[in-house]
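In this note's numbering, the protein residues as written are 3 to 477.
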Ligand SMILES: [Zn+2]
């Protein structure tokens with residue numbers, strides 16, 4: 003056992019209400035036995051690279067500055083979109099000093115003389131962000147993608163287990179391989195104080211087949227069996243003391259594709275399209291921003307609209323909310339951003355669907371926006387650091403994970419905007435913090451939108467958002 007050490011396991015794209023005993027018995031059992039944070043939420047936009055960066059910086063996107071999975075940054079990509087899945091583009095942004103504004107967990111551990119490791123089946127970009135700074139200080143990284151991992155660990159994996167299996171949906175073969183790298187190489191060789199294992203399922207299989215498809219359920223089972231082997235390894239006492247499980251966002255069903263470039267031709271040069279889209283106006287003034295919001299609000303595809311007014315992060319215009327209330331709003335954020343319309347609006351219990359801008363076929367899973375299904379995540383901890391059999395109703399979100407891990411490791415949490423979830427930790431009997439609720443609303447013409455938030459010790463955490471507008475709700 004490595005004293006005080008913790009393993010963070012992420013199940014990419016796993017909604018809490020799909021982490022059932024039926025689909026994922028090992029995970030469900032682990033969550034019930036430890037401290038289970040039943041009101042855990044993603045960040046906005048609910049996208050993987052934004053989420054992984056919030057997880058390892060302990061900060062909202064408006065503070066770390068990785069503001070979307072893709073966006074426009076003319077310094078990094080002069081004439082196109084900066085796609086953060088690309089290892090090479092991230093490296094360029096990093097060299098220019100415009101990638102990330104806060105320290106990562108790996109950098110903090112290195113500074114404190116503690117060891118850190120990452121084993122990932124995620125995209126090169128997500129792996130780069132969750133392991134940010136690792137290669138420079140010699141922390142081991144394993145990635146299923148070429149050119150991303152650190153050579154010593156990649157060579158050790160190849161020598162022990164042969165070539166990495168090809169990508170597939172479900173991606174179980176790759177996840178199994180990565181799990182063996184973690185238990186059979188990383189722990190014996192490196193004895194990390196903190197390790198991250200990132201499973202790319204059920205996300206990629208859900209995108210391809212839908213959130214409740216047999217293939218997605220098989221992907222969840224594959225993840226769960228790998229997690230079961232991790233639990234067996236944990237019980238041998240050769241691994242970490244504590245395990246934290248998380249997901250980065252949920253999924254809902256994509257119903258129909260919208261061609262945003264065709265729908266917004268006058269914004270062609272400033273559009274970063276997606277479930278979360280940005281309009282990087284060349285001349286962002288209160289007047290051009292207000293006119294753009296009015297234009298978007300008249301479109302039947304438009305969901306929620308947010309603005310980041312230059313020099314006035316708390317300000318807004320009719321029909322929009324300030325991005326800062328969502329934990330957004332950064333020098334690299336779009337002056338105007340929006341989600342795509344979802345259905346139903348705010349009713350509970352009906353299957354949620356959304357329009358999408360590409361990347362999947364109708365019926366596939368999608369995320370990036372603010373519905374309950376997209377923001378719903380798994381978060382639970384087990385081991386001596388956590389209360390056992392404890393259900394925490396206190397709302398929490400991804401930026402809280404970093405400060406909680408740092409607290410377990412005995413390290414300071416300065417520079418994070420999240421909250422160490424002390425009420426879930428053993429020993430201290432910390433009281434649950436004060437929680438209140440607020441509803442934010444904006445409207446223009448027949449477009450209406452709202453965001454429901456908790457305030458936890460005064461810090462906003464978004465429960466969900468909704469919108470209605472012209473031509474009703476698309477099916
Ligand atoms: Zn993800």
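Backbone N, C-alpha and C define an ideal beta-carbon position, used for all residues, glycine too.
Note that the structure is predicted; figures quoted are calculated from it, not measured.
Fill in: Beta-carbon separation (whole angstroms), residue 154 vs residue 176, contact threshold 8 angstroms
Taking the first residue of the chain shown as position 1, residue 154 is located at position 152. Taking the first residue of the chain shown as position 1, residue 176 is located at position 174. Not a contact, Cβ separation roughly 20 angstroms.
Worksheet item: Does the region 390 to 398 come close enough to the region 237 to 250 to have 3 or more Cβ pairs within less than 8 angstroms?
Response: Taking a cut-off of 8 angstroms for Cβ pairs, the region 390 to 398 and the region 237 to 250 do not touch, as fewer than three such pairs fall below it.
Worksheet item: Under 7 angstroms, do residue 283 and residue 275 count as touching if we go by C-beta distance?
Response: Position 281 of the chain shown, counted from the first residue, corresponds to residue 283. Position 273 of the chain shown, counted from the first residue, corresponds to residue 275. No, they are not a contact pair.
Worksheet item: Rounded to a whole number of angstroms, what is the C-alpha to C-alpha distance between residue 399 and residue 424?
Response: Numbered from 1 along the chain shown, position 397 holds the residue referred to as residue 399. Numbered from 1 along the chain shown, position 422 holds the residue referred to as residue 424. Computed Cα separation, rounded: 14 angstroms.
Discussion item. Which same chain residues end up closer than 8 angstroms to residue 88 when comparing Cβ atoms and leaving out the 5 residues on each side of it in sequence?
Written reply: As a working mapping, residue 88 is identified with position 86 in the chain shown. Residues of the same chain with a CB within less than 8 angstroms of the CB of residue 88, apart from the 5 flanking positions on each side, are 126, 127 in chain order.
Worksheet item: Going by other Cβ atoms of all chains shown within 10 Å of its Cβ, with 16 needed for buried, is residue 431 buried or exposed?
Response: On the chain shown, residue 431 is found 429 positions in, with the first residue counted as 1. Exposed, because fewer than 16 other Cβ atoms sit within 10 Å of the Cβ of residue 431.
Worksheet item: Residue ranges of each beta strand (DSSP E) run of no fewer than 3 residues wholly in the region 160 to 236, ordered along the chain?
Response: DSSP runs (the beta strand (DSSP E)) wholly in the region 160 to 236: 196 to 201.
Worksheet item: Just the Cα atoms here: how many angstroms apart are residue 468 and residue 65?
Response: Numbered from its first residue, the chain shown carries residue 468 at position 466. Numbered from its first residue, the chain shown carries residue 65 at position 63. Taking the straight line from one Cα to the other gives about 25 angstroms.
Fill in: Outcome for residue 408 when other beta-carbon atoms lying within 10 angstroms are tallied against a minimum of 16
Counted from its first residue, the chain shown places residue 408 at position 406. By the C-beta density criterion, residue 408 is buried, having at least 16 other C-beta atoms within 10 angstroms.
Worksheet item: Does at least one heavy atom of ligand 1 sit under 6 angstroms from the Cβ of residue 370?
Response: To locate residue 370, count along the chain shown from 1; it is residue 368. Exclusion of residue 370 from the 6 angstroms shell around ligand 1 follows from its C-beta lying no nearer than that to any non-hydrogen atom of the ligand.
Fill in: Residue range of the alpha helix (DSSP H) that includes residue 28
Residue 28 sits at position 26 when you count from the first residue of the chain shown. Start and end: 27 to 35.
Worksheet entry | CB-CB length for residue 443 against residue 471, believed under 8 angstroms | Within the chain shown, numbered from 1, the residue matching residue 443 stands at position 441. Within the chain shown, numbered from 1, the residue matching residue 471 stands at position 469. A Cβ-Cβ separation of about 14 angstroms leaves residue 443 out of contact with residue 471 under the 8 angstroms criterion.
Worksheet item: Just to confirm, does residue 15 get its C-beta within under 6 angstroms of one of the non-hydrogen atoms of ligand 1?
Response: Position 13 of the chain shown, counted from the first residue, corresponds to residue 15. Within the cutoff, so yes.
Worksheet item: What did DSSP end up calling residue 67 once you bin it into helix, strand or coil?
Response: As a working note, residue 67 is residue 65 in the chain shown. Residue state, collapsed to three classes: coil.
Discussion item. Check for me: the alpha helix (DSSP H) holding residue 108 runs from which residue to which?
Written reply: Stepping through the chain shown from its first residue, residue 108 is reached at position 106. Where residue 108 is concerned, the enclosing alpha helix (DSSP H) stretches over 107 to 113.
Worksheet item: Who pairs with residue 440 in a beta bridge, going by DSSP?
Response: Here the question's residue 440 lines up with position 438 in the chain shown. Looking at the DSSP assignment, residue 440 forms a beta bridge with 455.
Worksheet item: Can you give the Cα-Cα distance for residue 228 and residue 158, rounded to whole angstroms?
Response: Here the question's residue 228 lines up with position 226 in the chain shown. Here the question's residue 158 lines up with position 156 in the chain shown. Just so you know, the alpha carbons of residue 228 and residue 158 end up roughly 20 angstroms apart.
Item to complete: Could you check the C-alpha separation between residue 461 and residue 405 for me, to the nearest Å?
Response: Counted from its first residue, the chain shown places residue 461 at position 459. Counted from its first residue, the chain shown places residue 405 at position 403. Between residue 461 and residue 405, the C-alpha separation is close to 14 angstroms.
Practice prompt. Would you check if there are 3 or more beta carbon pairs closer than 8 angstroms linking the region 212 to 223 to the region 186 to 195?
Written response: Because the criterion of three Cβ pairs below 8 angstroms is not met, the region 212 to 223 and the region 186 to 195 do not touch.
Worksheet item: Residues in its own chain within less than 6 angstroms of residue 114 by CB, not counting five upstream and five downstream?
Response: Translated into positions along the chain shown, residue 114 becomes position 112. Taken in chain order, the residues that qualify are 413.
Practice prompt. Flag residue 24 as yes when its Cβ comes closer than 6 angstroms to any non-hydrogen atom of ligand 3, and as no otherwise.
Written response: With respect to small molecules bound, the structure shown includes ligand 1 and not ligand 3.
Fill in: Three-pair Cβ contact test at 8 angstroms for the region 156 to 175 versus the region 198 to 209
Yes: at least three Cβ pairs fall under 8 angstroms.
Worksheet item: What number of angstroms, rounded off, separates the C-alpha of residue 465 from the C-alpha of residue 82?
Response: As a working note, residue 465 is residue 463 in the chain shown. As a working note, residue 82 is residue 80 in the chain shown. Residue 465 and residue 82 have their C-alpha atoms spaced approximately 33 angstroms apart.
Discussion item. Taking its Cβ as the centre, do 16 or more other Cβ atoms sit within 10 Å of residue 49, making it buried, or is it exposed?
Written reply: Locating residue 49 in the chain shown gives position 47, where the first residue counts as 1. Its Cβ being crowded by 16 or more others within 10 Å, residue 49 is buried.
Item to complete: Using 10 angstroms around the beta-carbon of residue 420, count the other beta-carbons present and answer buried if the total reaches 16, otherwise exposed.
Response: On the chain shown, position 418 is the one that residue 420 refers to. Per the 10 Å Cβ criterion, buried.
Fill in: residue 144 - DSSP class collapsed to helix/strand/coil
Looking up residue 144 in the chain shown gives position 142. Reduced to three states, the DSSP call for residue 144 is strand.
Item to complete: Evaluate residue 301 with the Cβ neighbour count: other Cβ atoms within 10 Å of its Cβ, from every protein chain shown; 16 or more gives buried, anything less gives exposed.
Response: Looking up residue 301 in the chain shown gives position 299. By the neighbour-count rule (16 or more Cβ atoms within 10 Å), residue 301 is buried.
Worksheet item: How big is the Cα-Cα spacing for residue 24 and residue 186?
Response: The residue you call residue 24 lines up with position 22 of the chain shown. The residue you call residue 186 lines up with position 184 of the chain shown. Between residue 24 and residue 186, the alpha-carbon positions lie close to 28 angstroms from each other.
Worksheet item: From residue 225 to residue 200, what does the alpha carbon distance come to, in whole angstroms?
Response: Indexing the chain shown from 1 puts residue 225 at position 223. Indexing the chain shown from 1 puts residue 200 at position 198. Going by the C-alpha atoms only, they are around 10 angstroms apart.
Fill in: Exposure of residue 22, with buried meaning 16 or more beta-carbon neighbours within 10 Å
The count along the chain shown starts at 1 and reaches residue 22 at position 20. Residue burial is scored here from C-beta neighbours: residue 22 has fewer than 16 other C-beta atoms within 10 angstroms and is therefore classed as exposed.
Discussion item. Taking the alpha helix (DSSP H) that residue 50 belongs to, which residues open and close that run?
Written reply: Counting from 1 along the chain shown, the entry for residue 50 is found at position 48. It spans 50 to 59 - the alpha helix (DSSP H) in which residue 50 sits, taken as one unbroken run.
Item to complete: Inspect the CB distances between the region 23 to 38 and the region 89 to 107 and report whether three or more fall short of 8 angstroms.
Response: Result no; under three Cβ-Cβ pairs closer than 8 angstroms.
Worksheet item: If you draw a straight line from the C-alpha of residue 416 to the C-alpha of residue 60, how long is it?
Response: Here the question's residue 416 lines up with position 414 in the chain shown. Here the question's residue 60 lines up with position 58 in the chain shown. Spanning the alpha carbons of residue 416 and residue 60 requires a straight line of approximately 10 angstroms.
Item to complete: Spatial neighbours of residue 230 within its chain, please: CB distance less than 6 angstroms, with the 5 preceding and 5 following residues excluded, ordered by chain position.
Response: Here residue 230 corresponds to residue number 228 of the chain shown, with the count starting at 1. So the list reads 28, once near-sequence residues are dropped.
Discussion item. Assuming the contact rule is C-beta atoms closer than 8 angstroms, residue 151 and residue 332 should be a hit. Round their C-beta distance to whole Å, please.
Written reply: As a first step, residue 151 is located in the chain shown; it is residue number 149 there, counting from the start. As a first step, residue 332 is located in the chain shown; it is residue number 330 there, counting from the start. That pair is no contact at about 29 angstroms.
Worksheet item: Assuming residue 252 contacts residue 369 under a Cβ cut-off of 8 angstroms, what Cβ separation, rounded to an integer in Å, is found between them?
Response: As a working mapping, residue 252 is identified with position 250 in the chain shown. As a working mapping, residue 369 is identified with position 367 in the chain shown. Confirmed, about 6 angstroms.
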